[in-house]
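Trainee: Protein chains in written order, with our numbering: chain H, 1 to 393; chain V, 394 to 786. One structure is given below, represented as structure tokens, and several questions about it will come after.
Protein chains: 2
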Amino acid sequence: MLDTTRVWPPGITQFVHRPGIVDVGPGYLDPSLLPVDALRDGLDAAARTHGPAILAYGTNLGPLPLRTLLAGLQSRWDGTAFGPEHVVITGGTSQMLDHLTGTLAAPGDVVLAEAPSYNWGCGIFQDRGLDVVRVPGDADGLDPNAMERRIDEQRRAGRRVAFIYLIPTFHNPTGRVMSRERRLRLLEVAGAYQLPIIEDNAYRDIVLDDATPPPSLLSLAERRHVIQLSSFSKCLAPGLRLGWLSADAGTVERLDASNLLISGGCLNHLVALTVLQLVESGWLDDHVTELRRALAARRDALAAGLREHLPPGFRFAVPGGGFFVWVELPAGVDDAALRDAAERRGVSFALGSAFEPPAGTGAIRLCFSLHAPETLRAAAERLGAACRDLVAG
Amino acid sequence: MLDTTRVWPPGITQFVHRPGIVDVGPGYLDPSLLPVDALRDGLDAAARTHGPAILAYGTNLGPLPLRTLLAGLQSRWDGTAFGPEHVVITGGTSQMLDHLTGTLAAPGDVVLAEAPSYNWGCGIFQDRGLDVVRVPGDADGLDPNAMERRIDEQRRAGRRVAFIYLIPTFHNPTGRVMSRERRLRLLEVAGAYQLPIIEDNAYRDIVLDDATPPPSLLSLAERRHVIQLSSFSKCLAPGLRLGWLSADAGTVERLDASNLLISGGCLNHLVALTVLQLVESGWLDDHVTELRRALAARRDALAAGLREHLPPGFRFAVPGGGFFVWVELPAGVDDAALRDAAERRGVSFALGSAFEPPAGTGAIRLCFSLHAPETLRAAAERLGAACRDLVAG
């Protein structure tokens with residue numbers, strides 16, 4: 001029997017285990033996939049390599065060798081050339097979203113986001129007094145023409161649109177990938193209105209099939225007016241609070257001259273130097289390969305369970321990457337009522353309404369990264385039973 | 394001969410060593426005072442204690458045991474009772490200043506700060522579009538009556554004062570300690586105008602004499618309308634990017650519910666759990682005792698050198714704590730001209746004008762935490778020669 005208070009110590013981790021409930025709600029990694037020994041080795045290697053410099057104020061933009069390696073990764077992802085002059089180490093995506101909101105927008109401004117979109121990211125904008133206006137999409141991602149209409153509406157209403165926030169690749173919560181055509185059209189629209197885009201790239205490296213995602217918005221835009229945020233939270237460990245920003249060299253220079261970075265130096269210096277060792281040695285590449293294999297097996301187990309147990313009318317697509325399966329509910333089935341029924345059956349999930357899908361569409365988000373395949377099959381079975389409880393009830 | 398590129402590897406640390414120059418400008422810790430082995434031991438102990446939980450999303454406010462220990466430290470500092478409900482772990486003071494600016498103020502607002510005050514901190518406010526208005530003080534710290542006049546002036550001019558930013562204890566750049574009487578009077582003024590105070594407490598633990606500083610503004614205000622930021626950057630290591638915020642329980646609850654913390658969890662979880670081990674074991678207490686001894690010796694070496702070598706008219710007070718000696722220049726001596734002369738003599742320092750002292754007063758800031766005592770004596774001798782070059786020239 002798993003000692004859950006050992007795995008999720010109360011007062012230490014964000015996740016709180018509820019006895020008897022398999023919670024496929026949060027987008028967490030299974031603790032068994034978190035490489036504790038590698039991190040210790042990384043810190044040892046960093047200490048041997050750099051000595052006390054690991055504890056000094058780090059250079060503002062982050063360790064140059066790490067920025068260079070990440071630029072190389074970005075070049076391989078996108079098939080275009082990136083250099084360290086395009087990369088800044090961050091204290092994680094949330095930290096940099098919080099910072100950028102203050103740089104790009106003022107209270108009362110509008111930010112355009114997908115319907116649905118990452119709830120806590122949009123919450124960071126709302127905490128800063130921004131109004132999040134939603135743009136719908138479909139299986140090919142956000143609809144750029146709908147985006148254009150929204151911009152026009154907002155401008156006619158006399159409101160300032162500050163920026164666009166998108167997750168084009170392995171979207172949270174839907175798992176969708178925006179098509180190359182849509183990406184190009186979106187950039188046309190954003191360019192015409194001179195609107196900056198924040199491209200949340202957190203799941204880019206969690207590729208679970210052979211299909212390669214299209215080049216990023218950043219790359220397709222030739223880095224103009226796109227700020228991309230990538231993360232070590234999904235491919236390595238969220239407790240690190242480490243990520244990176246990619247943008248044009250001018251944006252990077254402005255960050256280098258920001259008082260936030262001058263005052264504290266690199267936003268997470270010690271951890272950046274530790275992770276540098278894991279990237280430099282090739283360990284991270286191997287880890288990501290293994291992680292993809294483990295996550296693909298989990299995704300497949302969940303999808304097989306859902307196919308077997310969900311009643312007719314509950315629809316989902318198998319995502320090609322990321323952490324999530326988005327299940328669309330039949331008309332008249334309420335996500336909160338379904339969760340109540342599900343928790344009585346011993347399973348829980350994230351309410352689709354938290355991510356604000358277009359009005360009138362119900363959905364739930366299931367995460368396959370937190371649990372073992374057999375647990376996910378059991379979760380799907382319990383969820384299927386709950387769906388039938390509700391539809392029958 | 395010290396291999397300086399090994400100590401300050403280019404592209405890794407913020408500090409760039411210039412051959413032939415002893416730079417007493419930046420407020421850095423001497424690399425020989427940065428405890429690399431202890432940090433490695435701390436991570437090992439954290440991994441043994443918590444396993445993969447060190448790499449999961451951390452609980453929003455930071456590890457409860459660390460918050461409890463820091464509340465205990467705060468209670469000892471102030472002689473009043475603090476609990477974990479008053480403490481939030483931060484990603485360093487700069488990160489939280491950046492965040493709080495967005496919470497407390499909007500572009501165009503005024504922030505009141507000391508003349509002089511921490512330049513990059515004020516720069517973070519300016520980067521967010523705030524106007525920093527200065528309030529003068531003297532050896533007893535900021536003048537609360539001058540503060541009251543400034544608030545009145547700003548309000549009459551139709552401007553919103555968003556908050557007050559102060560460093561009452563071992564001030565940067567002056568090293569001064571605001572007297573208890575001034576603290577109480579300041580709280581009266583701030584209370585009358587309902588103005589929140591950010592109390593920068595970074596140097597509180599760097600006590601170099603027997604005199605205990607007065608209780609913090611946070612404590613004297615019984616936690617009403619004061620948010621205090623403390624740091625591990627001065628007493629342990631700046632590359633950690635770890636600090637803590639202390640405030641009333643309501644402010645802490647609001648942070649717990651902020652999307653920044655919900656999205657990413659604890660702002661620096663892995664490092665917080667590592668440092669927890671060092672605090673819990675008592676290691677940090679011993680380290681701070683040793684660090685104070687080392688820094689007092691450096692302060693004394695610098696002060697002795699200055700007394701011996703500075704020509705008449707150059708005045709300084711020996712600070713009771715912190716990292717800095719603030720040297721006031723005779724009328725007509727320009728800080729930038731003095732630095733040019735000093736660099737020709739092989740020493741550099743921070744320009745007083747960067748910290749914006751009241752108009753017409755010239756000063757320079759010397760830091761004694763970065764160099765060995767003998768190096769500081771040599772720096773003082775070179776500085777004295779430069780002063781004479783300039784006064785004679």
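Every residue gets a Cβ at the ideal spot worked out from N, C-alpha and C, and that includes glycine. Note that the structure is predicted; figures quoted are calculated from it, not measured.
#1: Which bits of chain H does Pro-631 (chain V) rub up against, with CB to CB less than 9 Å?
#2: Looking only at its own chain, which residues have a Cβ that is under 7 Å from the Cβ of Leu-302 (chain H), when we skip the five neighbours before and after it?
#3: Does the contact criterion of 3 or more C-beta pairs under 8 Å hold for the segment 152 to 165 of chain H versus the segment 102 to 119 of chain H?
#4: Could you give the distance in angstroms between the alpha-carbon of Glu-148 (chain H) and the alpha-carbon of Leu-370 (chain H)?
#5: Within 10 angstroms of its Cβ, does Pro-412 (chain V) collect 16 or more other Cβ (buried), or is it exposed?
#6: Residues in its own chain within less than 8 Å of Arg-775 (chain V) by CB, not counting five upstream and five downstream?
#7: Using a Cβ-Cβ cutoff of 8 Å, what residues of the segment 39 to 53 of chain H are near chain V? List them in chain order.
#8: According to DSSP, Ala-115 (chain H) sits in a beta bridge with which residue or residues?
#9: Show which residues of chain V have a CB atom less than 9 Å away from the CB atom of Asp-109 (chain H).
#10: Cα separation between Val-645 (chain V) and Ser-639 (chain V)?
#11: Answer yes if the segment 258 to 271 of chain H comes into contact with the segment 515 to 523 of chain V, meaning at least three C-beta pairs across the two stretches below 8 Å, and no otherwise.
#12: The beta strand (DSSP E) spanning Cys-367 (chain H) covers which residue range?
#13: Taking the DSSP output, what are the residues bridged to Gln-228 (chain H)?
#14: Taking 7 Å as the CB-CB limit, is Gly-777 (chain V) close to chain H?
#15: Give me whichever residues DSSP pairs with Ser-348 (chain H) in a beta bridge.
#16: Quick check: the Cα distance between Leu-364 (chain V) and Leu-671 (chain V), rounded to an integer number of angstroms?
#17: Under a CB-based cut-off of 7 Å, is Asn-259 (chain H) close to chain V?
#18: Taking the alpha carbon of Leu-351 (chain H) as the reference point, which residue from H:Ser-75, H:Gly-360, H:Ala-337 has its own alpha carbon closest?
#19: First and last residue of the beta strand (DSSP E) that includes Trp-719 (chain V)?
#20: Based on Cα-Cα distance, which residue from V:Thr-452, V:Tyr-421, V:Leu-427, V:Asp-437 lies nearest to Tyr-28 (chain H)?
#21: Name the chain H residues that come within less than 8 Å of Val-488 (chain V), Cβ to Cβ?
#22: Select from V:Tyr-511, V:Ala-690, V:Thr-398 the residue whose C-alpha is nearest the C-alpha of His-564 (chain V).
#23: Have a look at V:Pro-631, V:Val-400, V:Arg-700, V:Ser-623 and flag the residue whose alpha-carbon is nearest the alpha-carbon of Ala-464 (chain V).
#24: Note the first and the last residue of the continuous beta strand (DSSP E) segment covering Val-88 (chain H).
#25: Using 8 Å for Cβ pairs, my map puts Pro-445 (chain V) next to Val-36 (chain H). What's the rounded Cβ distance?
#26: To the nearest angstrom, how far is it from the Cα of Gln-228 (chain H) to the Cα of Glu-749 (chain V)?
#27: For a contact defined as C-beta to C-beta under 9 Å, what are the partners of Trp-120 (chain H) on chain V?
#28: Can you tell me which of the three DSSP states Ala-162 (chain H) falls into?
#29: Return helix, strand or coil for Val-570 (chain V), following the three-state DSSP convention.
#30: Is Glu-199 (chain H) buried or exposed, if buried means 16 or more other CB atoms sit within 10 Å of its CB?
#31: Assuming Asp-728 (chain V) and Gly-755 (chain V) form a contact by the criterion Cβ under 8 Å, report the distance between their Cβ atoms to the nearest whole angstrom.
#32: Beta carbon of His-309 (chain H), beta carbon of Gly-384 (chain H): below 7 Å?
#33: Helix or strand or just coil, what does DSSP make of Asp-143 (chain H)?
#34: Any beta carbon of chain V sitting closer than 7 Å to that of Gly-321 (chain H)?
#35: Which residue from V:Arg-543, V:Glu-767, V:Leu-613, V:His-492 puts its Cα closest to that of Gly-472 (chain V)?
#36: List the residues of chain V whose Cβ lies closer than 9 Å to the Cβ of Trp-8 (chain H), in chain order.
Mentor: Looking at the coordinates:
#1: Leu-55, Ala-56, Tyr-57, Gly-58, Gly-264, Gly-265, His-269
#2: Val-325, Leu-366, Phe-368, Leu-376, Ala-380
#3: yes
#4: 37 Å
#5: exposed
#6: Val-415, Ala-735, Arg-738, Gly-739, Val-740
#7: Leu-39, Arg-40, Leu-43, Asp-44, Ala-47, His-50, Gly-51, Pro-52, Ala-53
#8: H:Pro-136
#9: Result: empty, since nearest Cβ-Cβ is about 11 Å, beyond 9 Å.
#10: 8 Å
#11: yes
#12: 363 to 367
#13: H:Glu-199, H:Ser-246
#14: no
#15: H:Asp-23
#16: For residue 364 (chain V) there is no data in the structure shown, the boundaries of chain V being 394 and 786.
#17: yes
#18: H:Ala-337
#19: 717 to 721
#20: V:Thr-452
#21: Here residue 488 (chain V) is Gln; the residue named in the question, Val, does not match the sequence. Near Gln-488 (chain V) (Cβ distances below 8 Å), the residues of chain H are Gly-91, Gln-95, Leu-260, Gly-264, Leu-267.
#22: V:Tyr-511
#23: V:Ser-623
#24: 87 to 90
#25: 6 Å
#26: 36 Å
#27: Asn-652, Leu-653, Ile-655, Ser-656, Gly-657
#28: strand
#29: coil
#30: buried
#31: 5 Å
#32: yes
#33: coil
#34: no
#35: V:Leu-613
#36: Ala-446, Ala-449
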